[in-house]
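So in the working numbering, the last spot in the first sequence is 717, and the numbers never skip. Where a beta carbon is used, it is the ideal one built from N, C-alpha and C, also for glycine.
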Amino acid sequence: MMSLHDDFEKEVRNATETALESIGAAGAEYRIERPSAGNADLAVPCFQMSKALKKAPKDIAEELAAAIEPAGMMISAEALNGYLNFTMDPRILMRRTLDEILESGDRYGGHGSNGIRVNVEHTSTNPTGPIHVGRARNPIIGDTLARAMRLSGYDVTTEYYVNDVGKQVVILTWGVNNIPPEDVEEADREKTDHALVAFYRAANRMMESDPEVQEKIADLLRRFEAGDNGVISEVRETAQRMINGLKETLDKINVELDVYTWESKYIADGTTKNVVKQLRESKYAGREDDGACYLDLKDFGIKGKNTKFTFTRADGTTLYTTRDLAYHLDKFRRAERVIDVLGEDQKLGSQQLCSALEILGCDRKPEALFYSFVSLPEGKMSTRKGIVVYLDDLIDEAVSRAYEEIRSRRTDLSEERMTEIASTIGVGAIRYNIVRVQPEKQMVFKWEDALNFDGNSGPFLQYSHTRACSMLKKAGEFKPSTDPSKLTDEYEVALVKALSRFSSVIDEVTEYGRVHMIPAYGHEVASAFNQFYASVPVLSSDDERNERLTLVMCTRIVLHNVLTCLGMGAPEEM
RNA sequence: GGACGGGUGGCCUAGCCUGGAUAUGGCGGCAGCCUCCUAAGCUGCAAGCCGAGGGUUCGAAUCCCUCCCCGUUCGCCA
Numbered sequence: 144m145m146s147l148h149d150d151f152e153k154e155v156r157n158a159t160e161t162a163l164e165s166i167g168a169a170g171a172e173y174r175i176e177r178p179s180a181g182n183a184d185l186a187v188p189c190f191q192m193s194k195a196l197k198k199a200p201k202d203i204a205e206e207l208a209a210a211i212e213p214a215g216m217m218i219s220a221e222a223l224n225g226y227l228n229f230t231m232d233p234r235i236l237m238r239r240t241l242d243e244i245l246e247s248g249d250r251y252g253g254h255g256s257n258g259i260r261v262n263v264e265h266t267s268t269n270p271t272g273p274i275h276v277g278r279a280r281n282p283i284i285g286d287t288l289a290r291a292m293r294l295s296g297y298d299v300t301t302e303y304y305v306n307d308v309g310k311q312v313v314i315l316t317w318g319v320n321n322i323p324p325e326d327v328e329e330a331d332r333e334k335t336d337h338a339l340v341a342f343y344r345a346a347n348r349m350m351e352s353d354p355e356v357q358e359k360i361a362d363l364l365r366r367f368e369a370g371d372n373g374v375i376s377e378v379r380e381t382a383q384r385m386i387n388g389l390k391e392t393l394d395k396i397n398v399e400l401d402v403y404t405w406e407s408k409y410i411a412d413g414t415t416k417n418v419v420k421q422l423r424e425s426k427y428a429g430r431e432d433d434g435a436c437y438l439d440l441k442d443f444g445i446k447g448k449n450t451k452f453t454f455t456r457a458d459g460t461t462l463y464t465t466r467d468l469a470y471h472l473d474k475f476r477r478a479e480r481v482i483d484v485l486g487e488d489q490k491l492g493s494q495q496l497c498s499a500l501e502i503l504g505c506d507r508k509p510e511a512l513f514y515s516f517v518s519l520p521e522g523k524m525s526t527r528k529g530i531v532v533y534l535d536d537l538i539d540e541a542v543s544r545a546y547e548e549i550r551s552r553r554t555d556l557s558e559e560r561m562t563e564i565a566s567t568i569g570v571g572a573i574r575y576n577i578v579r580v581q582p583e584k585q586m587v588f589k590w591e592d593a594l595n596f597d598g599n600s601g602p603f604l605q606y607s608h609t610r611a612c613s614m615l616k617k618a619g620e621f622k623p624s625t626d627p628s629k630l631t632d633e634y635e636v637a638l639v640k641a642l643s644r645f646s647s648v649i650d651e652v653t654e655y656g657r658v659h660m661i662p663a664y665g666h667e668v669a670s671a672f673n674q675f676y677a678s679v680p681v682l683s684s685d686d687e688r689n690e691r692l693t694l695v696m697c698t699r700i701v702l703h704n705v706l707t708c709l710g711m712g713a714p715e716e717m
């Protein structure tokens with residue numbers, strides 16, 4: 144189904160072409176744009192045709208405007224400053240937008256199921272410690288993208304790739320099984336991930352200072368690589384305990400992953416071995432004197448002094464990216480679109496992966512979505528050095544701050560209700576503030592920004608939603624009506640314009656992964672709604688009461704859908 | 001040194017792909033608005049050489065070139 148805006152653009156195109164013909168300029172090149180200034184709904188700049196037509200842009204615009212008889216959705220075509228400006232009939236805008244929202248409800252913004260399977264891999268942090276805010280962008284960006292794609296109509300699966308292979312988890316496992324609990328620093332909370340990371344830190348310290356420990360860990364790693372089932376299951380069990388802790392944190396910020404896939408699986412099922420075999424046979428493969436195998440990727444746009452991508456060690460064991468190849472081949476079988484949310488440190492690895500896939504004869508590539516790490520004002524975060532702000536601590540702080548806020552302004556709510564709302568607000572503030580900025584932009588973590596509850600913030604959206612809820616509750620029963628002749632205030636028109644843009648925002652998000660468009664859009668809707676609220680009476684109006692309440696109802700639906708996409712609760716009061 | 005990403009009022013940020021009309025919004029600052037639907041709100045004001053310099057164009061925050069600053073990366077780690 145064509146959207147309102149597509150239909151309007153089509154009318155503008157037809158009208159423009161007919162007008163060009165009538166002034167003897169058929170076939171002239173032109174562009175239709177959505178003006179940033181609020182002069183019109185669509186505009187055609189007449190500068191580029193000026194030279195060919197040997198006329199001033201201003202005159203062209205005027206001639207074209209005169210040649211157009213507004214009809215259909217178009218209510219006016221006017222010339223201004225060399226632009227041909229088109230305005231949509233607000234009555235049609237009103238009627239179609241509000242009817243569609245009422246009809247679609249919580250599906251508004253999407254297009255209905257499209258049957259396309261998409262796999263969104265996100266989070267996938269090494270199971271060696273709790274999630275810290277440096278990496279918190281990953282689950283939040285990934286989950287938001289997945290939610291937007293679900294709304295849009297995709298069949299989405301989210302997936303966590305658990306790195307249960309390699310030195311890091313082996314060190315952790317050795318520490319957990321060999322260091323007496325009294326020898327490690329006390330954990331700051333009881334969650335398993337916090338309890339276990341102390342052993343990881345201690346094991347790292349011991350390994351650095353004690354050659355004997357180093358040898359024990361090396362031995363464990365050798366047995367792991369050799370396929371010792373006892374060691375493998377020990378490592379897996381430790382990683383599982385860590386994952387359980389991480390899941391609790393993710394659950395608190397409304398992130399739930401559909402599938403946990405263990406890296407070791409691709410060694411056990413032989414698919415990694417197949418990948419190695421095929422890579423060795425390719426013409427790009429080479430072998431070092433000691434037996435390590437590599438691909439030379441200088442023909443694949445990878446520049447620099449070292450274009451070699453090593454895929455097996457001298458002893459024949461595989462490396463992370465080699466196993467990642469097997470993993471991606473598996474994902475390609477399970478989904479039509481494969482998306483990886485990755486830290487910017489994975490860029491080269493991802494590029495090597497894509498080149499190797501090509502060498503394997505695979506014509507598909509994952510869509511990588513990269514984000515920059517969040518740092519602290521004093522520098523980079525580091526789990527091992529303890530320079531770190533844990534996501535759990537950020538959540539606690541945000542929720543307790545939200546609790547203080549609500550207690551200071553409400554006296555009528557039960558303790559339980561306030562606690563519940565505080566959690567919704569605190570978590571919402573965190574998710575909003577993280578997803579708000581474009582992923583590739585580097586962020587410096589500041590408590591005052593992370594806990595912002597005013598202006599361009601999560602609570603601002605939630606507050607606007609509660610306002611709508613509160614009005615609807617006070618209104619009681621009413622007869623919904625989308626009669627556009629009753630909705631003529633400029634604030635009403637501006638609000639509906641904002642509401643009508645939702646699906647084009649979702650499209651942009653699902654097509655290019657630009658998740659930060661969602662909070663920006665939500666802010667725009669909430670802001671338009673608050674302005675409407677401040678200047679247009681609703682409950683006390685007579686003639687337009689049903690229509691205004693319907694507009695409030697539609698706004699509530701859109702805000703609710705936006706909040707759901709952002710993984711934020713939509714409270715009815717706060 | 002190479003590759004990739006970022007640089008926009010005091011602070012944070014949108015716009016950049018697809019060049020167009022007065023550069024988006026927020027924080028902070030100043031001045032107003034609750035006898036009326038929740039003031040986590042609304043209105044107004046001050047604040048910008050869009051990192052620097054060239055180029056292309058009728059027109060550049062946006063495209064091209066050079067340079068500067070910040071981040072990431074250049075492991076037989078994951």
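- Between the segment 561-570 and the segment 502-513 there are fewer than three inter-stretch CB-CB distances shorter than 8 Å, so the stretches are not counted as touching.
- The way I'd put it, the segment 661-671 does touch the segment 602-615; three or more beta-carbon pairs between them come closer than 8 Å.
- Annotation: ASP473 to THR266 spans about 19 Å, alpha carbon to alpha carbon.
- Per DSSP, MET192 lies in no beta strand (DSSP E) and is assigned neither H nor E.
- Membership of TYR173 in any alpha helix (DSSP H) is not indicated, and neither H nor E is assigned to it by DSSP.
- Per DSSP, reduced to three states, the secondary structure at PRO270 is coil, with no helix or strand assignment.
- Secondary structure within the segment 441-479: the beta strand (DSSP E) runs of 3 or more consecutive residues, fully enclosed, are 451-455 (chain order).
- Rounded to whole angstroms, the gap between the alpha carbons of PRO714 and LEU534 is 23 Å.
- Between the C-alpha atoms of THR230 and TYR173 there is a straight-line separation of about 18 Å.
- Within the same chain, HIS265, THR266 and VAL484 come within 6 Å of ASN281 by CB-CB distance, once the 5 residues on both sides are set aside.
- Of the candidates ARG293, ASP626, ASP632 and TYR437, ASP632 places its Cα closest to the Cα of TYR676.
- The residue from VAL402, ALA183 and GLY434 with its alpha-carbon nearest to that of THR453 is GLY434.
- Judged by beta-carbon spacing, GLY318 lies within the 9 Å limit of MET349, meaning their Cβ atoms are closer than that value.
- DSSP assignment within the segment 259-346 yields the following whole alpha helix (DSSP H) runs of 4 residues or more, N-terminal first: 280-295 and 310-321.
- A straight line joining the alpha-carbon of SER684 with that of LEU692 spans about 10 Å.
- Restricting attention to alpha helix (DSSP H) runs no shorter than 4 residues, the segment 515-579 encloses them at 534-552 and 558-578, ordered along the chain.
- ASN269 and VAL658 have their C-alpha atoms spaced approximately 24 Å apart.
- Taking ALA565 as the centre and dropping the five residues before and after it, the same chain places the C-beta of VAL542, ALA545, TYR546 and ILE549 closer than 7 Å to its C-beta, in chain order.
- Rounded to the nearest whole angstrom, the C-alpha separation of CYS708 and TYR437 is 43 Å.
- In the DSSP assignment, SER219 falls within the unbroken beta strand (DSSP E) covering 217-223.
- Excluding five sequence positions before and after GLU152, the CB atoms of its chain that fall closer than 8 Å to its own CB belong to ILE175 and LEU185, given in chain order.
- Here the segment 198-213 makes no contact with the segment 606-625; the two share fewer than three CB pairs at distances below 8 Å.
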